[in-house]
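J.: Sequence positions in the sequence shown follow the working numbering and run -2 to 52.
Here it is: the structure, laid out below.
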Amino acid sequence: MDRKPQSSPTGKGVETREARLKSALKANIAKRKAQARARGEKSGTSDGAGHKKEG
């Protein structure tokens, strides 16, 4: 069973991946914040007092 070692990404490839992931994370957080704001406006409260407690 011969396995060839996978070449690890080096230099520029890592930087572009990091930049892409950072951008995607930032967009995802912005989207979630907008969704949370929209839910808060709909219910009239933003503190989550109207939600059921689990347990």
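Yeah, the Cβ is synthetic: ideal placement off N, Cα and C, and Gly gets one too.
(1) Nearest-angstrom Cα distance between residue 9 and residue -1?
(2) State the Cα-Cα distance for the pair residue 20 and residue 36, rounded to the nearest angstrom.
(3) So what does DSSP say about residue 8, is it helix, strand or coil?
T.: In terms of the structure at hand:
(1) Distance between residue 9 and residue -1, taken at the CA atoms: about 29 Å.
(2) Roughly 25 Å between the two C-alpha positions.
(3) Coil.
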